[in-house]
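First residue of the sequence shown? That's 79 in our numbering, and the numbers climb one at a time after it. Have a look at the structure below before the remarks.
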Amino acid sequence: MKLQKLLPSILSSLRIILAFVLFYTFLNQMIVSSVIIFIIALSTDYLDGFIARKWDAATNLGAYLDTIADFVLVTSTFLAFIIAGIYPYWLLILIIFMFLQFILTSGIKKPIYDPIGKYYGAFLFTSAGVTLVLPLSYITLPVSYITSILLILIALFSLLSLLTRYYSLYKKN
Numbered sequence: 079m080k081l082q083k084l085l086p087s088i089l090s091s092l093r094i095i096l097a098f099v100l101f102y103t104f105l106n107q108m109i110v111s112s113v114i115i116f117i118i119a120l121s122t123d124y125l126d127g128f129i130a131r132k133w134d135a136a137t138n139l140g141a142y143l144d145t146i147a148d149f150v151l152v153t154s155t156f157l158a159f160i161i162a163g164i165y166p167y168w169l170l171i172l173i174i175f176m177f178l179q180f181i182l183t184s185g186i187k188k189p190i191y192d193p194i195g196k197y198y199g200a201f202l203f204t205s206a207g208v209t210l211v212l213p214l215s216y217i218t219l220p221v222s223y224i225t226s227i228l229l230i231l232i233a234l235f236s237l238l239s240l241l242t243r244y245y246s247l248y249k250k251n
């Protein structure tokens, strides 16, 4: 198989590795390194999809690996935040639940289209990015105010995504 066909999967695999490096750097208070690693990881997320479409290298395995890489990046990042005491433990349960319901409703004969889903994932990445840069910012609000707002928005986005998916499932049947 040519490198062109493998490159998107290599980038997704790199994102998984970067997720663990990010976890380590954040918990060891290497905030600038964590932000840089997060930006590189997000870049691989954009690039793997772009390259797969541009070079006609999209595969089922690549799509699966991309989803897994996103899940590993999001869950490991939020797990680091939870261990650091920034977010409550139930947020990780919510993120895992949302991922599992996505997998379950996507694996049926006719996958469920969730127009909110893509935005939900983007919002999780944005929330993680905002949380990462908070210690480096000059924002005068306490970090807990900002993370509380993000937590509420993540919960609301999760609910909206769930309702959209299950409404689509109900409508199909």
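Where is the CB? At the ideal position from N, CA and C, for every residue including glycine. Source: prediction; values computed, not measured.
For R131, is the classification buried or exposed, using 16 other Cβ atoms within 10 angstroms of its Cβ as the cut-off for buried? R131 is exposed by the Cβ-count criterion.
Coil, strand or helix - N138 by DSSP: Helix.
From this set, I161, G199 and L238, which residue's C-alpha is nearest Q107's C-alpha? Taking Q107 as reference, the option from I161, G199 and L238 with the minimal CA-CA separation is I161.
Considering only their Cβ atoms, is the gap separating A119 from A141 smaller than 8 Å? In terms of Cβ geometry, A141 and A119 do not form a close pair [threshold 8 Å].
On the criterion of 16 or more Cβ atoms from any shown chain inside 10 Å, does V152 qualify as buried, or is it exposed? Counting Cβ neighbours within 10 Å, V152 comes out buried, since at least 16 surround it.
Between which two residues does the alpha helix (DSSP H) harbouring T122 extend? Secondary structure note for T122: its alpha helix (DSSP H) is the uninterrupted segment I109 to K132.
So, T209 versus F159, is the Cβ gap smaller than 8 Å? Yes, these two residues count as a Cβ contact at 8 Å.
Residue burial classification, P86 (beta-carbon count within 10 angstroms, cutoff 16): With 16 or more Cβ atoms within 10 Å of its Cβ, P86 is classed as buried.
Using the C-alpha atoms, what's the distance from T204 back to L237? Distance between the alpha carbons of L237 and T204: 18 Å.
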